[in-house]
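Taken in order, the sequence shown gives residues 72 to 1172; the numbers are from my numbering. Ideal Cβ placement from N, Cα and C applies to all residues, glycine included. All values reported here derive from a predicted model rather than from experimental measurement. Here the structure comes first, spelled out in structure tokens, and everything after it is commentary.
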Amino acid sequence: MAIETKHKKTSTAAKDPLTDGSPSIPNQDTGSQNQDVSDPKAPTKAATKPTYTETDLDDMIAACSPASGVTFPLQVSSLLESTSLPHNKSLELVDLLGTLRSHLLSIPTIEKTSLEDSRKRLQTLGIGLPFEDPKETVQWSFTFKAPQDIKVVGSWIMQTGVKLAKGKGRFNCIDLMVEMPGDILQEKDYLSNRYFHKRAHYLAYLAVSLSSSSFAGHFDMSYVNLHNDASKPILLLKPNGAMPSANFRPSIRLIPSYPSTVFSPARLSPTRANLKPPQKPTPRYNQSVLLDSTSIHFAHLSYFSELGTNHSAFCKNMSIDETSLPDPPLIFGYERFGWLISFLVAHVLVGEDENGKKRAQPMSSVGSDATVLFRQVIEWIAKWKSNSLVRMRPIDGSSAFVDEGEFAGTGDVLIDPTGQINLLANIPSGALQLLSPRDTKRICQDLEGKHTNEALFAISEIINKACGDRLSGFGFLINDLQHTRSIEGGSNASTTADNVTLKLGVILNPAQAFNVITHGHSPDTSPIEAAAFREFWGDKCDLRRFQDGTIEECVSWEVSDPLERLKIVQQIIRWVLSKKLGFADQKEQVISDFIGTFDNLIVEHPHYVEKIYEKDPKCLGFTNVIKAFNEFVKDLKELNKDDFLPLSITSVQPTSEHLRYSSVFIPGPRKMKGYRYQADASKYIPGMTCQVKFESSGKWPEDLEAIQKIKAALLAKISEGMIRNKHVIKSEIVFDPDALPISDNVALEVLHSTGYAFVLSICYEREEMLQAKAVADSKSAGEGESPMALEALATFRKKFIKLRKHHDAIAALQTRFPSFSYTVRIIKRWIASHLLSSQISTEMVELLASAVYLILEKDQLPPATGSTGFLRFLKLIKEWKWREKPLLIPLQSSIEEDLDGTDWLWTNTKPHLNTVNQIRPHRIVADRIQTLASASLSAIESNLNQPTSNFDVQTIFKSPAEDYDFHLVLNVAAMTRIQQSLQLQVYENVDPLGLAIEIGDDPISEFVKELQRLHGDTIMFFYDTLGGTSIAGIFNPLLLVPKTMKTHNHDYLTKPVSDQPAKTSASSKALVVMDTDATLASIKMIGTGIIHHILQKGVDY
72 MAIETKHKKT STAAKDPLTD GSPSIPNQDT GSQNQDVSDP KAPTKAATKP TYTETDLDDM
132 IAACSPASGV TFPLQVSSLL ESTSLPHNKS LELVDLLGTL RSHLLSIPTI EKTSLEDSRK
192 RLQTLGIGLP FEDPKETVQW SFTFKAPQDI KVVGSWIMQT GVKLAKGKGR FNCIDLMVEM
252 PGDILQEKDY LSNRYFHKRA HYLAYLAVSL SSSSFAGHFD MSYVNLHNDA SKPILLLKPN
312 GAMPSANFRP SIRLIPSYPS TVFSPARLSP TRANLKPPQK PTPRYNQSVL LDSTSIHFAH
372 LSYFSELGTN HSAFCKNMSI DETSLPDPPL IFGYERFGWL ISFLVAHVLV GEDENGKKRA
432 QPMSSVGSDA TVLFRQVIEW IAKWKSNSLV RMRPIDGSSA FVDEGEFAGT GDVLIDPTGQ
492 INLLANIPSG ALQLLSPRDT KRICQDLEGK HTNEALFAIS EIINKACGDR LSGFGFLIND
552 LQHTRSIEGG SNASTTADNV TLKLGVILNP AQAFNVITHG HSPDTSPIEA AAFREFWGDK
612 CDLRRFQDGT IEECVSWEVS DPLERLKIVQ QIIRWVLSKK LGFADQKEQV ISDFIGTFDN
672 LIVEHPHYVE KIYEKDPKCL GFTNVIKAFN EFVKDLKELN KDDFLPLSIT SVQPTSEHLR
732 YSSVFIPGPR KMKGYRYQAD ASKYIPGMTC QVKFESSGKW PEDLEAIQKI KAALLAKISE
792 GMIRNKHVIK SEIVFDPDAL PISDNVALEV LHSTGYAFVL SICYEREEML QAKAVADSKS
852 AGEGESPMAL EALATFRKKF IKLRKHHDAI AALQTRFPSF SYTVRIIKRW IASHLLSSQI
912 STEMVELLAS AVYLILEKDQ LPPATGSTGF LRFLKLIKEW KWREKPLLIP LQSSIEEDLD
972 GTDWLWTNTK PHLNTVNQIR PHRIVADRIQ TLASASLSAI ESNLNQPTSN FDVQTIFKSP
1032 AEDYDFHLVL NVAAMTRIQQ SLQLQVYENV DPLGLAIEIG DDPISEFVKE LQRLHGDTIM
1092 FFYDTLGGTS IAGIFNPLLL VPKTMKTHNH DYLTKPVSDQ PAKTSASSKA LVVMDTDATL
1152 ASIKMIGTGI IHHILQKGVD Y
């Protein structure tokens, strides 16, 4: 809850209200007071001052540069003042805590009994166990005695706690360490979880006593896992509405501990095996027991107290670090991150370097400056090297383990000042997917520890070994593992509940993640390692000889197409779960992940694919398309032989999206045999544009119109040669009827023998100079710049200069970022599915997609998968304030380190300046795409937060019908791209006579362009060019407002307003409004044979 208070200057440790006033020092968890679990019903109190969050802190970190001046210190000071807890109100709690302490110390003794009898006794009292008893019969006994001592610990006593943002779900707490008497524990209780079971019984008897006391009326009591460790529950007392009103009502947590004389620290060293059967060391289990020791508590307590006294910046930094933590912690292993950060702050102040040498210069210069110390901590974390071993400066008289070798082989090690605790022990590697609740429970039960933490470590270690350097990092997401359980016996929940679902996140290493082969070792040079590799992988492993002559053990993963290669990590995880961990992979439900979620959206309907293509394009990939293009270029250059062409071809430049890996669908080799019997609705053949250049020659004319005729003659000669050499199935000269006579207006359409179609244009570079001269001549003649000459010049530069540069840059992005192709294809599909592909050019979409890879936040990595790239695109569009600032994309930096090629996109005050399109989208389109991005991102995020994944991804690829005024439902017989439709219709409209082969034939798209030309600003049309089955439209809202009849003709059909008031004078004019019914009727008449029927908003939907 948010508390309004003024910041009290941090001093030395506060006095313990449970004692006689002697200073008390915190336990190891300086951040424990805010580690509570979520309760949405918790009342909150609004504060008049703003509550800072981790986002605010991120902004402050960005200000840490030297140029930030005094801004950062002022921000830190403001942060501390706003978030500090009201420690000056601790006197109000003295009576409450004193009463609680007296009650706990006076609980009567319960004589020795068996663990089973103790559990039954608790059940009769209506209290459940927070940690379930062993399922097998044990001969353990249990005795309850009142606590030996009770101390206030945690960040409250150090005055370093912070208030939490409203609604974050955690509570301000006071932690009480309840020390159990040493004589209720036996010397060997550290073995096989005996200590944790007795600890749970002890906590349950505390709950029995409190539930029958006056505290039960003022507090709601529940069990909570301390730091998400199911074996270490604590008792949470949360004030309820019956508690007397107070300005500050924190929760109270009772944390059991044991006297240091009970267990010898040597028996809990990292090299000891304390779980049965004793197979290998159990360092995490041993440390978990050791951390409950009172001696460890007070060793850390005195250490922090001394630092707080000698360095005023220490306590301030502990508060800053707590403020920066997420609420609640999201990654398994980081539940104690605040505790770790406190030690890192201490290490920066007084620690030793990695070689154990004492720091050459003391850190007294930063001991009083919280901001400088905070920067030092951040820098230290950034420089940490994996698998390092660092020892902090030891406490005088500490009983450290004899040898640092005790910690060898345990991964990352940061030894605390006592020399007994590895501060990094509970931060494991992570994994990738969603695991089924049934198998998760089984794994937990198979482990002797019988709690989720050990299961996570077991799964993590195996996955880490299997994936190796394919992963840069991974971690378990623990939202579903934070449990608050009632103390009542009927609600006694197992620590491995059936509803536990593990979510794991991964960061892929794109350089290694998609390799088809997992390499092992050579039996000749590394026989031991090779044997271990074969033992791990079993029959999946093979001994292979590679091209360089080396012989290695290796594992080959099955890949049938390029999309499957993106799922290799998924294959590895699935194999590990089923083969190494025994998960039942029935119906592929073990793993539910985000990799491959969109695969079906970027492939054509399988029903049509087998009928219209020689081979499935999905299996061939873009590599086959590039191969076909290279063959086409080779055939073109063969025409240079024997001087068949008047000028030799020097180069052929691709400019098509299909040839830069960015088309939604991979083109396939068209099946020409039986073409006439293929469904007419699926006969679309994409033409891949490319440009040819000839050698320099003075034979070209100076007249621009004559140049276009020469181009046509050259293309005709090329067509003749290709037909003669039998390299083409069809070759045809086509003219653009809308092009200017002085502009490029002719092309050659070729259906190549490979089954792919190409559209060839000629680039004559001197043409630009002649067009620029025509513009200058018209201006010098006093006639002003000729609009025709200007348009011709702009068209040339767009088509033959900017488009070529754009193509090269986008193609380079795919080489640099393997996931870019998948990302841009999904983005194009998403935009098309919302009927915006007719409003936004494909080049603009590619620019927006490139921003995801080229505009990165500090230390952010580019997306390693297309799914991640798509999510980042949605986030980019959602947050982009396009009305206020442009989006600057260093596109040319994908080719060379020259940022002068920065592209401008989509602003309210600037023209559209991207490389290929001088026309920006309409503001309606810009607003709509931003709204859709926000809605789509919210839908995906809400699904990812669910315990199971039943999300139908196609829901975010459906455009709401009610957003449009009408829909023109198309006659499928008039379509040619039905195989690309999201509706996946199976339609067979075979014309017995057969249609002629037409390259790029898309009558629906041409119909939409004609409709937009006819209606101009009256109606805006929207269409999915990728097989859309309807055309949507929006009427200009200004035309739906009644207006007076004017004398000139309207550009749209009107009708009189039926309910207009009676005329008051002869000069009054009749009011008219746009006649939408008549307009739609005229559109249907124009679209006879194309439009099946029309749906109107308010009538049909």
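In the DSSP assignment, Met759 falls within the unbroken beta strand (DSSP E) covering 758-765.
Gly544 sits close to Ile578, with the two beta carbons spaced by under 8 Å.
Separation of Phe693 and Pro304 (C-alpha to C-alpha, rounded to the nearest whole angstrom) is 56 Å.
Annotation for Ala301: no alpha helix (DSSP H) segment contains it, though the beta strand (DSSP E) segment containing it runs 300-310. The criterion of a C-beta distance shorter than 8 Å is not satisfied by Tyr356 and Gly253. Here the C-alpha atom of Glu635 lies approximately 15 Å from the C-alpha atom of Gln583.
Around Ile178, the same chain offers Ala217, Ser280 as residues with beta carbons nearer than 6 Å, after the five sequence neighbours per side are excluded. In the DSSP assignment, Asp613 falls within the unbroken beta strand (DSSP E) covering 612-616. Contact between Leu1124 and Met1145 holds: their C-beta atoms lie close to 7 Å from each other, under 8 Å. About 7 Å separates the CB atoms of Ile323 and Cys244; that is less than 8 Å, so the two are in contact.
Rounded to whole angstroms, the separation of the alpha carbons of Val416 and Ile198 is 42 Å. For Val735 against Arg900, the beta-carbon gap comes to about 5 Å, under 8 Å, which counts as contact. For Leu1008 and Ile1105, the gap between their C-alpha atoms comes out near 25 Å.
Following the DSSP letters along the chain, one finds Gln1167 inside the beta strand (DSSP E) bounded by residues 1162-1167. Cα atoms of Pro933 and Gln1051: separation of roughly 30 Å, rounded to the nearest angstrom. The region 679-692 makes no contact with the region 774-786: fewer than 3 CB pairs, one atom from each, lie closer than 8 Å.
The alpha-carbon of Gly1099 is positioned some 30 Å away from that of Leu958. Straight through space, the alpha carbons of Lys686 and Gly739 are spaced by roughly 7 Å. The Cβ neighbour count for Val224, taken over all protein chains shown within 10 Å, is at least 16; the residue is labelled buried. Straight-line measurement puts the Cα of Ser263 at about 38 Å from the Cα of Leu167. With respect to Arg887, Ser733 sits apart: the two C-beta atoms are not nearer than 8 Å. C-alpha of Asn586 to C-alpha of Thr596: approximately 23 Å in a straight line. For Ala847, the number of other beta carbons within 10 angstroms of its own is below 16, and it is reported as exposed. In terms of Cα proximity to Ile221, the closest of His174, Phe202, Leu200 is His174. Here Glu624 is near Ala601, since their CB atoms are less than 8 Å apart. Around the beta carbon of Thr170, fewer than 16 other beta carbons sit within 10 angstroms, so the residue counts as exposed. Cβ neighbours of Asn458 within its own chain (closer than 7 Å, five residues either side excluded): Gly482, Asp483.
A Cβ-Cβ separation of about 14 Å leaves Val763 out of contact with Ile804 under the 8 Å criterion. Under the three-state reduction of DSSP output, Lys952 falls in the coil class, being neither helix nor strand. No Cβ-Cβ contact shorter than 8 Å links Glu258 with Thr342. In terms of CA proximity to Leu945, Thr894 leads the group Glu776, Thr894, Gly576. For Val360, no beta strand (DSSP E) segment is defined; the enclosing uninterrupted segment is the alpha helix (DSSP H) at 354-361. Each residue's CA atom was taken as its position, placing Ser335 and Leu637 some 51 Å apart. In the structure shown, Ser364 falls within a strand segment according to DSSP collapsed to helix, strand and coil. Between Ala278 and Leu306, the C-beta spacing is below 8 Å.
Under the three-state reduction of DSSP, Asp998 is assigned to helix.
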